[in-house]
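Below is one structure, written out as structure tokens; the observations come after it.
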Amino acid sequence: MSENSSTRHIWIVFWILLILTTVEVLLGIYKPSFMLVNYILGVTFLNMTFIILTIIKAYYIVGAFMHLSHEVKLLKMFIVLPMLVLIPYLLFILLVEASFHGAIG
Amino acid sequence: MSDTVVHKNIWGGGIRPLFASYGKLMMWFFLMTDALTFSAFLGAYGFQRFVHADAWPIADHVFTHFPFMHGEYPMLFVALMTFILIMSSVTMVLAVHHGHKMNKKGVVLWLGLTIIGGLVFLGSQAWEWSHFIHGTYEGALLGADGSIAHLANGSVDQIMRHGKLITGQNALDFIASATEIQGANLINNEYGHPLFADFFFFITGFHGLHVFSGVVLLIIIFINVLRGTYEKRGHYEMVEKVGLYWHFVDLVWVFVFTFFYLV
Chain F
78 MSENSSTRHI
88 WIVFWILLIL
98 TTVEVLLGIY
108 KPSFMLVNYI
118 LGVTFLNMTF
128 IILTIIKAYY
138 IVGAFMHLSH
148 EVKLLKMFIV
158 LPMLVLIPYL
168 LFILLVEASF
178 HGAIG
Chain D
270 MSDTVVHKNI
280 WGGGIRPLFA
290 SYGKLMMWFF
300 LMTDALTFSA
310 FLGAYGFQRF
320 VHADAWPIAD
330 HVFTHFPFMH
340 GEYPMLFVAL
350 MTFILIMSSV
360 TMVLAVHHGH
370 KMNKKGVVLW
380 LGLTIIGGLV
390 FLGSQAWEWS
400 HFIHGTYEGA
410 LLGADGSIAH
420 LANGSVDQIM
430 RHGKLITGQN
440 ALDFIASATE
450 IQGANLINNE
460 YGHPLFADFF
470 FFITGFHGLH
480 VFSGVVLLII
490 IFINVLRGTY
500 EKRGHYEMVE
510 KVGLYWHFVD
520 LVWVFVFTFF
530 YLV
């Protein structure tokens, strides 16, 4: 990548992050009612939107800013796989236990 | 040495099989474990929130202040904090970028701006904490059963508790047994369940500690850049390694922002 195009790439990622954050903040302030009544996987459509937008932001921060998408494949696996396996596992255990408290689901 | 020999001995020592230096690799592994720590904290937060769903405060009703402005502006201040941290992440990438080009002036400029961004963020967090600790002017009533209620409709015999209006003798009994509290600390929280305050102080505090140590690291390498340490060394990899840590701090904040303020 030439000098100019890599600087341009950094600013493009900045604008993506800024726009996604603005969308999140606007949704958080106005809370459209149709997004609150519909549920996906036991979560409101609104909260699911927040979570998906957050994961997209995380992808851009780790991939572009932390430069992980330019590392070799094995290093990517070393970093991403433990998180991809352990975090959903942890959340699954915690939230299933919370449901035994009668609090959810 | 031919390509096949290199490939055969890639794990045999003498070269870097992952094409990343030891220091950079260890920074990645540290950050990966730190991400697991934070996900455990946020997972525990989610668990307790589900268990105490009825008494859990809505962040929009708690963090409504903006400096130098009267009235209620939910989300606005924390959106500004998020913007500051994303901005400081961009200046950090640009510092690393100028480091690759061995451009000392560029590194000094962008690294300096990153440090300022970090300090502004820490100041904002102190402001947010201080408002949360002092609480609202009216405060709240803490019932003998540990529940939180507010006087409703400007009267002295109607209370609002967990979103339900209570009137008459029930309300008077509650008020008689209740104590007045103001603000939030580790024991009481005028906005709702005390665990909300505990998690808020713990998670944003732990993140703030990361920001603080990040700023300290940035200042150390900033001094080294000024003294020409990396110029003499022939590369600015130290800027890159601290940069990784700094982006991680931004990454964690993105998740804290979502799960504390939005969801």
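Just so you know, the sequences run in chain order F and D.
Residues 78 to 182 (our numbering) are what the first sequence spells out, left to right.
Residues 270 to 532 (our numbering) are what the second sequence spells out, left to right.
Ideal placement from N, C-alpha and C gives every residue a C-beta, glycine not left out.
Since the model is a prediction, treat every value here as computed from it, not as a measurement.
Self-check item: Alpha carbon of lysine 150/F to alpha carbon of glutamine 451/D, nearest angstrom
Solution: Computed Cα separation, rounded: 54 Å.
Practice problem: Check the DSSP bridge columns for isoleucine 428/D and list the partner residues they point to. | Solution: Answer is Leu420/D, Ile435/D.
Self-check item: Under the three-state DSSP convention, the category methionine 270/D falls into
Solution: Confidence is the limiting factor: at methionine 270/D the pLDDT is only 46, short of 50, which leaves the residue's position unreliable, though a coordinate-based value still follows. Methionine 270/D carries a coil assignment under DSSP once its states are collapsed to helix, strand and coil.
Quiz item: Is there at least one Cβ from chain F nearer than 7 Å to leucine 287/D's Cβ?
Solution: The beta carbon of leucine 287/D falls within 7 Å of a beta carbon belonging to chain F, placing the residue at that interface.
Quiz item: Exposed or buried, glutamine 438/D, counting other C-beta atoms within 10 Å across all chains shown (16 or more means buried)?
Solution: With fewer than 16 neighbouring CB atoms inside 10 Å of its own CB, glutamine 438/D falls in the exposed class.
Quiz item: Along chain F, which residues have their Cβ under 7 Å away from the Cβ of alanine 304/D?
Solution: The answer, in chain order, is Met160.
Exercise. Pull up the distance between the alpha-carbon of valine 518/D and that of asparagine 454/D, whole angstroms please.
Key: Taking the straight line from one Cα to the other gives about 25 Å.
Quiz item: When the cut-off is 7 Å and only beta carbons count, does methionine 125/F lie next to chain D?
Solution: Output row for methionine 125/F: interface = no.
Exercise. Consult DSSP for alanine 413/D and reduce its assignment to one of helix, strand or coil.
Key: In the three-state scheme derived from DSSP, where H, G and I count as helix and E and B as strand, alanine 413/D is classed as coil.
Self-check item: chain F contact residues for tryptophan 297/D, given Cβ-Cβ distances below 9 Å
Solution: Near tryptophan 297/D (Cβ distances below 9 Å), the residues of chain F are Met143, Leu145, Glu148, Leu152, Phe155, Ile156.
Self-check item: Three-state secondary structure (DSSP) of threonine 448/D
Solution: Here threonine 448/D sits in strand by DSSP.
Quiz item: Is there contact here, the region 346-364 of chain D with the region 85-95 of chain F, by at least three beta-carbon pairs under 8 Å?
Solution: Note that the region 346-364 of chain D touches the region 85-95 of chain F; at least 3 beta-carbon pairs, one per stretch, sit closer than 8 Å.
Exercise. Look at the Cβ atom of leucine 305/D, then the Cβ atom of isoleucine 384/D, and state whether they are nearer than 7 Å.
Key: Going by C-beta atoms, leucine 305/D is not nearer than 7 Å to isoleucine 384/D.
Self-check item: alpha helix (DSSP H) segment containing leucine 151/F, residue limits
Solution: For leucine 151/F, the enclosing alpha helix (DSSP H) stretches over residues 150-177.
Quiz item: Taking 7 Å as the CB-CB limit, is glycine 182/F close to chain D?
Solution: At glycine 182/F, the pLDDT of 47 sits below 50, so the modelled position is not reliable and the matter cannot be decided from this model.
Quiz prompt | In DSSP terms, what valine 120/F is bridged to | solution = Per DSSP, Ile117/F.
Quiz item: Taking C-alpha atoms, which residue in Gly281/D, Leu478/D, Gly283/D, Gly340/D lies nearest to glycine 387/D?
Solution: Comparing Cα positions, the closest option is Leu478/D.
Quiz prompt | Distance, phenylalanine 468/D Cα to lysine 373/D Cα | solution = Across the structure, lysine 373/D and phenylalanine 468/D are spaced so that their CA atoms are roughly 42 Å apart.
Quiz item: Where serine 358/D and isoleucine 402/D are concerned, what is the direct C-alpha to C-alpha distance, given to the nearest angstrom?
Solution: About 29 Å.
Quiz prompt | Min CB distance phenylalanine 91/F to chain D below 7 Å | solution = Cβ-Cβ to chain D under 7 Å: yes for phenylalanine 91/F.
Quiz item: From what residue to what residue does the alpha helix (DSSP H) around tryptophan 398/D run?
Solution: Looking at the DSSP string, the run of the alpha helix (DSSP H) that includes tryptophan 398/D is 373-403.
Quiz prompt | asparagine 81/F in three-state terms, based on DSSP | solution = Correct three-state label for asparagine 81/F: helix.
Quiz item: Just reading off the alpha helix (DSSP H) that asparagine 458/D is part of, what are its end residues?
Solution: Counted as a single uninterrupted DSSP element, the stretch harbouring asparagine 458/D is not any alpha helix (DSSP H), since DSSP gives it neither H nor E.
Quiz item: Does alanine 324/D have its Cβ less than 7 Å from a Cβ in chain F?
Solution: Taking CB atoms only, alanine 324/D has no neighbour in chain F less than 7 Å away.
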